[in-house]
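Colleague: This structure is in structure tokens; I'll ask about it shortly.
Numbering (the numbering used here), first residue to last: 34 to 395.
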């Protein structure tokens, strides 16, 4: 499904908003990934700059107990229904300038290990010159299986142990008043290797995620774009798991420097690609304690980072690889505003079992 929206400012100006950084870290333990949403909307879209965030990590974050069929073995479909909350962060940037046109479009993909692709379309009436795009919203929802999935006892709404989470934007094309950009996504899951979670491991090869990507576009004669490709990663030893695992320190910022010129520019992302436990001989997937993405003009950081550190529940060491592309999108003389939202949010569901999304001003 493709959605296109035209967003214009008044008095010959327009506003362009991007996600510069986002992250979450569970307060108590590491968890699967069930649902993640992070969005930025400029004032021209909502009447006031807004952000949205939600993250859910299965029954051990929501406290919801599974409802198993009589044919399912509860000893192999074990869940631990408790509550957890996450410290979340969303960093947004907004560019306001005259002589530009801006807007957003979105695409919905059903992404599995083989990937999926679609096209986002953005209407920019009167646009001319160069065009730039960046990710302005992401939603991953695992409450989903393909129509031909085998019979199973596991509820995918409880999430997976991911081995890959990836989204990428192609090069934008401006044709008349319309910008189009190809969007690709992949999602894959691995084994828990736990006797009480055999239900998960029996079906994780069919894991898919419903992925919603919001693409922001800006066009104008003075729009310039520079890019920086990132290839990063870390490997952490297990230590004496589960109770005294080895520390998993954050990477040295000096090894993850932002090299782009940020004068009159906002930062944005066109590629986010995480791989967890690559090459693991047992096909292990990742329990995630923390996931962080940063493009920070103030500190000069460009980084994608994650860990599974969780004394008491950690079962293994942790390996991740991150590939990303960060952009500096500039217009001479533009007004640049940055805002950051931080909060501790519960993994809350509404009465229908749908994740509760928190909306906040930016």
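Positions of the beta carbon are idealized from the N, C-alpha and C atoms, including for glycine.
Is residue 283 closer than 7 Å to residue 272 when the C-beta atoms are compared?
Modeller: By one-based count along the chain shown, residue 272 stands at place 239. By one-based count along the chain shown, residue 283 stands at place 250. No.
Colleague: Below 8 Å on the Cβ atoms is my guess for residue 300 versus residue 53; work out the distance and round it to an integer in Å.
Modeller: For the purposes of this step, residue 300 is identified with residue 267 of the chain shown, where counting begins at 1. For the purposes of this step, residue 53 is identified with residue 20 of the chain shown, where counting begins at 1. Sure, about 5 Å apart at Cβ, within 8 Å.
Colleague: Looking at the structure shown, is residue 281 part of a helix, part of a strand, or coil, going by DSSP?
Modeller: Along the chain shown, one-based indexing puts residue 281 at 248. Here residue 281 sits in coil by DSSP.
Colleague: Would you report the Cα separation of residue 392 and residue 76, rounded to the nearest angstrom?
Modeller: The residue labelled residue 392 in the question sits at position 359 within the chain shown. The residue labelled residue 76 in the question sits at position 43 within the chain shown. Computed Cα separation, rounded: 14 Å.
Colleague: Mind checking whether residue 251 and residue 155 have CB atoms under 7 Å apart?
Modeller: In the chain shown, counting from the first residue as 1, residue 251 sits at position 218. In the chain shown, counting from the first residue as 1, residue 155 sits at position 122. Result no, Cβ atoms of residue 251 and residue 155 do not sit closer than 7 Å.
Colleague: Would you mind stating whether residue 307 and residue 355 have Cβ atoms separated by less than 7 Å?
Modeller: As a working mapping, residue 307 is identified with position 274 in the chain shown. As a working mapping, residue 355 is identified with position 322 in the chain shown. Cβ atoms of residue 307 and residue 355: closer than 7 Å.
Colleague: If residue 144 sits next to residue 62, beta carbons under 8 Å apart, how far is it from one beta carbon to the other, in whole angstroms?
Modeller: In the chain shown, residue 144 corresponds to position 111, counting from 1. In the chain shown, residue 62 corresponds to position 29, counting from 1. Contact flag wrong, Cβ pair sits at about 27 Å.
Colleague: Could you spell out where the alpha helix (DSSP H) holding residue 78 opens and where it closes?
Modeller: The residue you call residue 78 lines up with position 45 of the chain shown. First-last of the alpha helix (DSSP H) with residue 78: 76 to 79.
Colleague: Compare the Cα-Cα distances from residue 209 to each of 102, 158 and 95 and report the closest residue.
Modeller: For the purposes of this step, residue 209 is identified with residue 176 of the chain shown, where counting begins at 1. Comparing alpha carbon positions, the residue from 102, 158 and 95 closest to residue 209 is 158.
Colleague: Straight-line CA distance for residue 314 to residue 234?
Modeller: Looking up residue 314 in the chain shown gives position 281. Looking up residue 234 in the chain shown gives position 201. Straight-line Cα distance between these residues: approximately 15 Å.
Colleague: Between residue 194 and residue 65, how many whole angstroms is the CB-CB distance? I'm expecting something under 8 Å.
Modeller: By one-based count along the chain shown, residue 194 stands at place 161. By one-based count along the chain shown, residue 65 stands at place 32. Yes, they are in contact, since the Cβ atoms of residue 194 and residue 65 sit about 6 Å apart, within 8 Å.
Colleague: Is residue 155 helix, strand or coil by DSSP?
Modeller: For this step, residue 155 is matched to residue 122 along the chain shown. It is a strand residue.
Colleague: How would you call residue 236, buried or exposed, if buried means at least 16 neighbouring beta carbons within 10 angstroms?
Modeller: If you number the chain shown from 1, residue 236 lands on position 203. Flag for residue 236 reads buried.
Colleague: Quick one: using the 10 Å Cβ neighbour count with 16 as the cut-off for buried, is residue 206 buried or exposed?
Modeller: By 1-based counting over the chain shown, the position of residue 206 is 173. Classification of residue 206: exposed, given that the 10 Å Cβ count is below 16.
Colleague: Is it right to say residue 285 is buried, meaning 16 or more other beta carbons lie within 10 angstroms of its own, or is it exposed?
Modeller: Sequence index remark: in the chain shown, residue 285 carries index 252 (1-based). Under this definition residue 285 is an exposed residue.
Colleague: Decide if the segment 99 to 118 is in contact with the segment 166 to 175; the criterion is three or more beta carbon pairs, one per stretch, under 8 Å apart.
Modeller: no
Colleague: Pick helix, strand or coil for residue 204, following the three-state DSSP scheme.
Modeller: Mapped onto the chain shown, residue 204 falls at position 171. In this structure, residue 204 counts as coil in the three-state DSSP scheme.
Colleague: For residue 67, collect the residues of the same chain with a Cβ closer than 7 Å to its Cβ; drop the 5 residues on either side in sequence, then sort them by chain order.
Modeller: Numbered from its first residue, the chain shown carries residue 67 at position 34. The answer, listed in chain order, is 89, 90, 91, 175, 190, 191 and 192.
Colleague: Which residue comes first and which comes last in the beta strand (DSSP E) that contains residue 234?
Modeller: Taking the first residue of the chain shown as 1, we reach residue 234 at position 201. Note, residue 234: premise wrong, no beta strand (DSSP E); alpha helix (DSSP H) at 231 to 236.
Colleague: For a quick check, are the C-beta atoms of residue 203 and residue 212 less than 7 Å apart?
Modeller: Working through the chain shown from its first residue, we reach residue 203 at position 170. Working through the chain shown from its first residue, we reach residue 212 at position 179. No, the Cβ-Cβ distance between residue 203 and residue 212 is not below 7 Å.
Colleague: Among the candidates 97, 48 and 81, whose CA atom is the shortest distance from the CA of residue 387?
Modeller: Locating residue 387 in the chain shown gives position 354, where the first residue counts as 1. With distances taken between Cα atoms, residue 387 lies closest to 97.
Colleague: Suppose the cutoff is 7 Å on Cβ atoms and the five residues either side in sequence are ignored; what does the same chain contact list for residue 384 look like?
Modeller: Working through the chain shown from its first residue, we reach residue 384 at position 351. Cβ within range, chain order: n/a, list empty.
Colleague: Would you check if the distance between the CB atom of residue 361 and the CB atom of residue 290 is smaller than 7 Å?
Modeller: Against the chain shown, residue 361 aligns to sequence position 328. Against the chain shown, residue 290 aligns to sequence position 257. In this structure, residue 290 does not lie closer than 7 Å to residue 361 by Cβ.
Colleague: On a Cα-Cα basis, can you pick out the residue from 316, 372 and 256 that is closest to residue 47?
Modeller: Position 14 of the chain shown, counted from the start, is the residue given in the question as residue 47. Comparing alpha-carbon positions, the option among 316, 372 and 256 lying closest to residue 47 turns out to be 256.
Colleague: Consult DSSP for residue 108 and reduce its assignment to one of helix, strand or coil.
Modeller: The residue labelled residue 108 in the question sits at position 75 within the chain shown. Here residue 108 sits in coil by DSSP.
Colleague: Among 320, 358 and 326, which has the Cα closest to the Cα of residue 346?
Modeller: Taking the first residue of the chain shown as 1, we reach residue 346 at position 313. When each option's Cα is compared against that of residue 346, the closest is 320.
Colleague: For residue 262, does the three-state DSSP call read helix, strand or coil?
Modeller: In the chain shown, the residue the question calls residue 262 occupies position 229. Residue 262 falls in the strand class under three-state DSSP.
Colleague: Who are residue 103's beta bridge partners in DSSP?
Modeller: As a position in the chain shown, residue 103 is number 70, starting the count at 1. The partner list for residue 103 (beta bridge, DSSP) is empty, contrary to what the question assumes.
Colleague: In this structure, does DSSP put residue 61 in helix, strand or coil?
Modeller: The residue labelled residue 61 in the question sits at position 28 within the chain shown. Correct three-state label for residue 61: coil.
Colleague: If I measure Cβ to Cβ from residue 222 and keep anything under 7 Å in the same chain, skipping five residues before and after, which residues do I get?
Modeller: Numbered from 1 along the chain shown, position 189 holds the residue referred to as residue 222. If we look at residue 222 and ignore the five residues flanking it on each side, its Cβ neighbours are 193, 194, 195, 196, 237, 240 and 318.
Colleague: Could you tell me the alpha carbon to alpha carbon distance between residue 228 and residue 109, rounded to whole angstroms?
Modeller: As a working mapping, residue 228 is identified with position 195 in the chain shown. As a working mapping, residue 109 is identified with position 76 in the chain shown. Cα-Cα distance, rounded: 6 Å.
Colleague: Between which two residues does the beta strand (DSSP E) harbouring residue 131 extend?
Modeller: On the chain shown, position 98 is the one that residue 131 refers to. Start and end: 118 to 131.
Colleague: For residue 383, name the three-state secondary structure that DSSP assigns.
Modeller: For the purposes of this step, residue 383 is taken as the residue at position 350 of the chain shown. In the structure shown, residue 383 falls within a coil segment according to DSSP collapsed to helix, strand and coil.
Colleague: Quick one: residues in its chain with C-beta nearer than 6 Å to the C-beta of residue 94, no 5 flanking neighbours on either side, listed in chain order?
Modeller: What you label residue 94 is simply residue 61 of the chain shown in a count that begins at 1. 64, 117 and 380.
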